[in-house]
Structures are given as structure tokens and as C-alpha cells.
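Novice: Pasting a structure below so you can have a look.
Numbering (our numbering), first residue to last: 2 to 536.
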């Protein structure tokens, strides 16, 4: 008996390992394209359900789809109702794994062929290049999955006659609810609803549970996968919390409906296909899993918009931070992390442009947030960027990470300059530079208004020309400032203050120009006439 337990546990471990390897290979092959499709083809909750189903079916991971969706909502690329459609569709997409396991693992029983499949995948992974390497990883993972199922069947077959349906809660409403709880617990332990469904199928195939008991376990596994998501979202970004709680609420309602649907499903299936439950219990089980998720999708989609408003009311925006989009969960999906990071940097840039405009207008302090909060937000952004850069699977996002590093560096320097209120006051007191002040203030307002839809190249060129003009002006500014001081009896200290004001404007405009260049993807060369003195 102990040996059977070890074999079954080893089979489960192989299944989980195979799912992880295959999912990583699929993400490497098709992940970027699917992430693009999520935003390109999601226009409503209904279209979101379709893209969510397809993405999850292809990636074999609802977590990857959900985390990417969180990042896109945080960045403003998707609305929350659209994201709900994707999340609802991801539930249906997970059933594809069940069909794959039922057809290949139990009906065709390809476990014996798994070893040569694993060998072929390993060879492709070792000697292949590019897509072939990723395909090898997918193939090896596929083989390991069914090798794991074969071991699970072998291990659980030792429980025949020892563990029977009578061992589990009876087939009553109370018993089914208890089994739902057991199923949820299994998913929380394995961190994979697909593994839970495979366990239920295996137990059903060897007769340790009845069909109704296996179905109740599968219902609970759909609930369990959202409990871990909610726990992970606590203390996370607003988008992550709303997504996690919405997913759990939807799956709890789905579970209640599935419990009511179970009896009629067995009755109707026996009428439509006599003996199906006994002859092909694994296919009947995955058919039930698909049916109740499809029914939940059909009922949930028309209610997506009011449900989204309810969740927005229950999980309000905490506000008070520029870095609210940056959630550690996003680091698992570089596409979502890069999008959220870019949106955060743009928010920070917009805030600093508004602050610069106020500094050069009324001289008022930063709008909205306290400067100390902004300083911490920039540090949090730096930490998130460091964590993203430290991950090995950055892939094609490496150039955008480099641009983000450049942009963040200039934003931090711009923040430090804007803290120097005495410099801006000296600049405003100097009548010789009023035209330059007005021009830069106008450019700040123009760029701030463009950030939502994308910085314009024409505005960036104007800012570049302004920076170059200031550099040329600074070459003669010292002589003119001294002449002005002599003519108007100004002190040496006052003259130094006015000269410092011009240098301050040079550096502020320079950092704004560089940040805009990296955030807008414009020509990233530094000025051929570098600033003098420390940056």
C-alpha cells in the first residue's frame, strides 16, 4: 500500500512537472502573439471571453492569461468589464486540458509511448534552435504529463477494494458540498486545477470514487483555483484585487449552479447515450466540466458590466500612489510587467511635467501627491524594474527594459531638480528669461496632454530644439549676467542666484527631453552639446 501511495504521488509530481514544462514552451512559442491578440480582439466582454478561452487553451495556463489581463487593465489597455470576459473565458479554456487528458491518457492510453516522446522532445530542446527548442520543451512536457498519468493509474489501482466510493462522503447534497470542499483543498495544495481534474479522472477510472463524487470534486477544484488567486492578490494592485475577487465570486456562483446541474446531466446523458457514464466515465466527467463552465459563461456575459460596477464599488481605488499598477505577480509574465511598468513611468512623467509647469507658473508645490510619496513611488518603480531585469526570460522585452531604465534615471533626476524651489524662484525673478520660461511651461503642458495617447514626435523635436537653444544661450549668459549686475548694482550672491536659475532650467528641460525620448521611442542620442556641470 505504501508503495502504491509513493507511485501515485510520483505520478502526480510528473504530471505537474509536465504541465509546467509544456506551458513554458507554449508561452515561449505563442505567448507574445496571444498577448497581442488579447488587446487587439477584446472589444467587449463577449469578445474577451473568446480571446480568454483561446489564450488559455493554447497556453494551457489560466494563471498566465489572468496575470497578463491584470497587467493590461492596470495599464489602461483593457477596461475592467472586458477583462471580466477574458477571465470568464479562461475558465472554459482550462477544460481543454481535461479533454486532452481524457482522450490521450485514458481512452488512447499513450502512457507507453510517452518515453520516446520525452526523448524526442529532449533532443529538440538540446540541439534545436529558436522555435525548435521551444517545440522540444512542449513535446517533452506533453510526454511527461502522460507518463505521470500512467503512474497515477498504476498507484491508484492498488487502492481498488480498499478505497471505495463508500469511503468518501455519500451522494447527498451535504456529501456533495463536502466533496466540493475537498476538491478545493486539493487544488490549493497542488496549485493546479488541471492536476486536480486528472486526479479525479484517475480515481474514477479505478473505481475509488463514483461519477457524482468525481464531479463534485471537479466543481470544488474550480473554486479552489480562485482561492489561491485571492490570497495572492491581498495587498496587491487594485486591478489584481478586483480580478481575484471577481474570479472567486464568479466561480462560487458557477459551483452552485453546477451542483444543481449534476443530477439532470447524469439523467439526460444516460438517455442520450445509454451507458456513457459507466462505459466512458472520464469523457462524461470532462463533458460535465465543460458544460457547467459553458453555462456559467452564457449566464455571466450579459451581466458582466453590472458585475464589474459592483466589484469596482466593493474594491475601490485606494489612490495615493503612482506605482499602484506594479504588482509582483506581474513579474511572472514579462509582457504584462512591461506594459504596467511603461504606464507607471508615463504617469510619473505626467506628474513631474505638471509639477514643472506649476513651478514655472505660480511657483506652487507639486499637485496632488506629497513629494515624499512620489520619491517612494520612484523607488518602488526602480525595485520593480530591477526585479523584472533579474528574470532570465525577459526575451524580446529586453530593449524596452533598457529604455525604462534610462527613462527612470532621468525621471529621478528631474524629481531631484524640481525639489529645488529656490532655483525656480530665482529663474522667475530674472526678467531676461521670461520668454524661455513661458516656452518651456507651454511644452510641459503639451507633453502632459499627449501622454495618454502617446507623445508626438513634433513636440519632442520642439523640446529638443529648446534644449539646444538653452545650451547656446548659456555660453554667453555668464557675461550678460555680470554686465547686468554691474549696471543695476546687484550683489554677487544675487547674480549667482540668477545664473543658477538658468542652469536649473537647462537641467530640468534636459531630463524632460531625455525621459520623453525613451518613453516615446524617439531617437535616443544625447545632445552633441553636453551640459556643463553635474547633471
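Glycine is no exception: its CB is placed at the ideal position from the N, C-alpha and C atoms.
1) Residue 7 and residue 196 - do their beta-carbons sit closer together than 8 Å?
2) Would a C-beta distance cut-off of 8 Å place residue 244 and residue 69 closer than the cut-off?
3) Going by C-alpha distance, which of 248, 97, 264 is nearest residue 89?
4) Under a three-way DSSP split, which group does residue 266 fall into?
5) Might you give, ordered along the chain, the residues of its own chain that have their beta carbon closer than 6 Å to the beta carbon of residue 252, omitting 5 neighbours on each side?
6) Output needed for residue 30: all residues of its chain with C-beta closer than 8 Å, excluding positions within five of it in sequence on either side, in chain order.
7) So, helix, strand or coil for residue 523, using DSSP?
8) I need the straight-line Cα distance from residue 200 to residue 309, nearest angstrom please.
9) Looking at C-beta atoms only, is the number of pairs between the region 69-84 and the region 31-46 that lie closer than 8 Å three or more?
10) With DSSP collapsed to three states, give me the class of residue 279.
11) Considering just the uninterrupted stretch of the alpha helix (DSSP H) at residue 377, what are its terminal residues?
12) Could you pull the start and end residues of the alpha helix (DSSP H) that residue 116 belongs to?
13) Which two residues bound the contiguous alpha helix (DSSP H) that contains residue 407?
14) Hey, is the region 115-125 in contact with the region 320-333, meaning 3+ C-beta pairs nearer than 8 Å?
15) If you check the beta carbons only, do residue 324 and residue 291 fall under 8 Å apart?
16) If you drop the 5 nearest sequence neighbours on each side, which residues of the same chain put their C-beta closer than 8 Å to that of residue 129?
17) I need the straight-line Cα distance from residue 208 to residue 146, nearest angstrom please.
18) Taking 8 Å as the threshold, find out whether the region 406-414 comes into contact with the region 502-521 through three or more Cβ pairs.
19) From 453, 501, 418, 459, pick the residue whose C-alpha is nearest to that of residue 434; which is it?
20) From residue 232 to residue 375, what distance separates their C-alpha atoms?
21) Check each candidate in 437, 27, 443 and name the one with the smallest Cα separation from residue 474.
22) Return the Cβ separation of residue 159 and residue 16 in integer angstroms, given the expectation that the two are a contact with Cβ distance under 8 Å.
23) So, helix, strand or coil for residue 351, using DSSP?
24) Tell me whether residue 4 sits in a helix, a strand or coil according to DSSP, three-state version.
25) Among the residues of its own chain, which have a CB less than 7 Å from the CB of residue 441, if the five just before and after it don't count?
26) Check for me: the alpha helix (DSSP H) holding residue 135 runs from which residue to which?
27) For residue 212 versus residue 262, is the C-beta distance shorter than 8 Å?
28) Hey, out of 314, 63, 103, 73, whose CA is closest to residue 94's CA?
29) Identify, in the order they occur along the chain, each residue of the same chain with its Cβ nearer than 7 Å to the Cβ of residue 383, setting aside the five sequence neighbours on each side.
30) What residue range does the alpha helix (DSSP H) around residue 362 cover?
31) Thinking residue 198 and residue 204 are a contact (beta carbons under 8 Å), I'd like their distance in whole angstroms, please.
32) Given that a residue counts as buried once 16 or more other Cβ atoms are within 10 Å of its Cβ, and exposed if not, what is residue 283?
33) If you draw a straight line from the alpha carbon of residue 240 to that of residue 326, how long is it in whole angstroms?
34) From residue 343 to residue 462, what does the alpha carbon distance come to, in whole angstroms?
35) Please name the residue, chosen from 392, 215, 517, 457, that lies closest to residue 181 on a Cα-to-Cα basis.
Specialist: Once the coordinates are examined:
1) Going by C-beta atoms, residue 196 is not nearer than 8 Å to residue 7.
2) Result no, Cβ atoms of residue 244 and residue 69 do not sit closer than 8 Å.
3) Minimum Cα distance to residue 89 is reached at 248.
4) Of the three classes helix, strand and coil, the one that applies to residue 266 here is helix, per DSSP.
5) Closer than 6 Å at Cβ, skipping near neighbours: 223, 224, 227.
6) The residues 132, 135, 136, 139, in chain order, have a CB closer than 8 Å to that of residue 30 in the same chain once the five nearest residues on each side in sequence are set aside.
7) Correct three-state label for residue 523: coil.
8) Rounded to whole angstroms, residue 200 to residue 309 spans 34 Å at the Cα level.
9) Between the region 69-84 and the region 31-46, the count of C-beta pairs closer than 8 Å reaches three or more; the two stretches touch.
10) In the structure shown, residue 279 sits in a helix (DSSP, three-state: H, G or I).
11) Here the alpha helix (DSSP H) through residue 377 covers 372-391.
12) It spans 115-128 - the alpha helix (DSSP H) in which residue 116 sits, taken as one unbroken run.
13) Per DSSP, residue 407 belongs to the alpha helix (DSSP H) from 399-419.
14) The region 115-125 vs the region 320-333: no contact.
15) Taking C-beta atoms as the reference points, residue 324 and residue 291 fail to come closer than 8 Å.
16) Here the set comprises 136, 137.
17) Each residue's Cα considered, the two are about 22 Å apart.
18) The region 406-414 makes contact with the region 502-521; the number of CB pairs closer than 8 Å reaches 3 or more.
19) Among 453, 501, 418, 459, the Cα nearest to that of residue 434 belongs to 501.
20) Their backbone Cα atoms lie some 28 Å apart in a straight line.
21) Of 437, 27, 443, the residue nearest in Cα terms is 437.
22) In this structure residue 159 is not in contact with residue 16, their Cβ atoms being roughly 18 Å apart against a cut-off of 8 Å.
23) Helix, per DSSP.
24) In this structure, residue 4 counts as helix in the three-state DSSP scheme.
25) In chain order, 361, 467, 506, 510 place their CB closer than 7 Å to the CB of residue 441, counting only its own chain and leaving out the 5 sequence neighbours on each side.
26) Counting along the chain, residue 135 sits inside the alpha helix (DSSP H) bounded by residues 132-158.
27) No, these two residues do not count as a Cβ contact at 8 Å.
28) Checked all of 314, 63, 103, 73; the closest Cα to residue 94 is 63.
29) Exclusion of the five residues before and after residue 383 leaves 409 as the residues of its chain whose Cβ lies within less than 7 Å of its Cβ.
30) Residue 362 -> no alpha helix (DSSP H), and no H or E assigned at all.
31) Wrong, their Cβ atoms sit about 11 Å apart, outside the cutoff.
32) Its Cβ being crowded by 16 or more others within 10 Å, residue 283 is buried.
33) Rounded to the nearest angstrom, the two C-alpha atoms are 7 Å apart.
34) In this structure, the straight-line span from the alpha carbon of residue 343 to that of residue 462 is close to 21 Å.
35) Checking every option, the nearest Cα to that of residue 181 belongs to 215.
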